[in-house]
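Peer 1: Take a look at this one; I'll ask things after.
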Amino acid sequence: IEESLRALGLDLEAKTIHRLLAYNGREFQRESLSPPDDEGTPGVPSGDGFDVIIIDEFSMVDVPLMAELLRRIDLDKTRLILVGDHNQLPPVGAGNVLRDCIKHKLIPTFILDEVVRQAGVLKTNSMAILSQRVMPTTVGDPAWSVIDSLKEPTQIQVYLRDLVLNRIPDRLGLDPVNDVQIITPTHLGQLGTKAINEMMQYLLHGAVDRKFAVGDKVIQTSNDYGLGIMNGTIGIVSEIETAGGTKYIVDFDGDGRRTIQDDQILNLQLAYALTAHKAQGSEFPCVVVLCHKSHFFADRNWLYTAVTRASKYCIVVGDRWGLGNAVKKNNVSERRTFLDRWATKSLESREVLL
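Sequential numbering from 32 applies to the sequence shown in this note's numbering.
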């Protein structure tokens, strides 16, 4: 976000919500995000609050975090703008705030229906998923491909190896580590992140006697305020130091190099394959989406979130039953939340009064 703002000539800092609220691992230390009542009077420092706060990727914000935000914002002084895609996955935590706010018109809402990240057939076919359609491979345009004839997980593994290491680099001219992201619904199983990551690490580096090898693609899995690296930040292992214990030097995208050691290593995982939740909010030149019948809980929002991570090329790999099952289901609409019930009851009460 900061890079995009700088390209527009705006010197603004982007922060995670946790960093904005000064979270120390136990509690949020910042008391207010709005300007003080006496700001602007002689002797009172300015800049202690914000006139406007914009929350991006708001579909990922759960109820507890939203509550912490609202407790610290005086809406008479601060304009709060929420930006997100309610068709993507709901938050990992409780609630579905964005969906409920839009559904019940709790706040003024503007729908932006033009996809900027994608264009052409990639945009058209990604949007088709919301209409319960998985479009076939586009002839003559490599931006969208669907391989839905692989019935066994082992078949998908074999195909994936050749696809990522040979076909994509040869035909699209992309780097298999920096430019390609595999997205799968699960952590476990033959097509889960663990198995696929271990397979990719072995294919690229052979047998590894440590957790990571130089050149491995990794992801930070929790906020580390000491390092200044947030959950979901992806990087490449550039060096390994072994004197006095193993230390990994990681070049994090947009955040520079960091030394990872001791307990910090526990929060670093391989990132050749990610779940859609981990990839949410990011974009990659080429995305390979795995969707198989063993992923019976994958739904339309999951598939839409996964394919819209691609900025140039998307390759969907799996079987017809798995894709058909996913595109028909909408687990998000079945998520029950107190905000939804409260808004429904409130609307019913207003209708009775009228």
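C-beta atoms are modelled at their ideal positions from N, C-alpha and C, and glycine is treated no differently. Values in this document were obtained by computation on a predicted structure and should not be read as measured data.
Can you name, in chain order, every residue of its own chain whose Cβ lies under 7 Å from the Cβ of Lys376, other than the five neighbours on each side?
Peer 2: Cβ within range, chain order: n/a, list empty.
Peer 1: Who are the near neighbours of Asp116 in its chain, counting only those whose CB is closer than 7 Å to its CB and skipping five residues on each side?
Peer 2: For Asp116, where only same-chain residues beyond five positions count, the Cβ hits under 7 Å are Ser90.
Peer 1: By the 10 Å Cβ neighbour count, where 16 or more other Cβ atoms means buried, how is Tyr344 classified, buried or exposed?
Peer 2: Under this definition Tyr344 is a buried residue.
Peer 1: Starting from Leu258 and walking both ways along the beta strand (DSSP E), at which residues does that stretch end?
Peer 2: Here Leu258 belongs to no beta strand (DSSP E), and DSSP marks it neither H nor E.
Peer 1: Mark Pro95 as exposed unless 16 or more other C-beta atoms lie within 10 angstroms of its C-beta, in which case mark it buried.
Peer 2: By the 10 Å Cβ count, Pro95 comes out exposed.
Peer 1: Would you mind stating whether Asn156 and Asn332 have Cβ atoms separated by less than 8 Å?
Peer 2: Cβ distance not < 8 Å, so Asn156 and Asn332 don't count as in contact.
Peer 1: Would you check whether the ligand COA has a heavy atom nearer than 7 Å to the C-beta of Leu194?
Peer 2: Ligands in the displayed structure: none, and consequently the ligand COA is not present.
Peer 1: Any idea what DSSP makes of Asp350, helix, strand or coil?
Peer 2: Asp350: strand per DSSP, three-state reduction.
Peer 1: Nearest by alpha-carbon distance to Val249: which of Gly259, Thr264, Ser63, Arg241 is it?
Peer 2: Measuring from the Cα of Val249, the nearest candidate turns out to be Thr264.
Peer 1: With DSSP as the reference, please indicate the residues paired to Lys248 in a beta bridge.
Peer 2: BP columns for Lys248 point to Ile267.
Peer 1: Per DSSP, Tyr344 forms a beta bridge with which residues?
Peer 2: Partner(s): Cys317.
Peer 1: Less than 8 Å between the C-beta atoms of His308 and Thr217, yes or no?
Peer 2: No, the pair does not count as a contact, with Cβ atoms beyond the cut-off.
Peer 1: Just grab the DSSP bridge partners of Arg289 for me.
Peer 2: Per DSSP, Val281.
Peer 1: Is Phe369 helix, strand or coil by DSSP?
Peer 2: Residue state, collapsed to three classes: helix.
Peer 1: Whose C-alpha, out of Lys225, Val319, Thr277, is nearest the C-alpha of Asp240?
Peer 2: Checked all of Lys225, Val319, Thr277; the closest Cα to Asp240 is Thr277.
Peer 1: Based on DSSP bridge pairs, tell me the residues matched to Ala304.
Peer 2: Looking at the DSSP assignment, Ala304 forms a beta bridge with Ile213.
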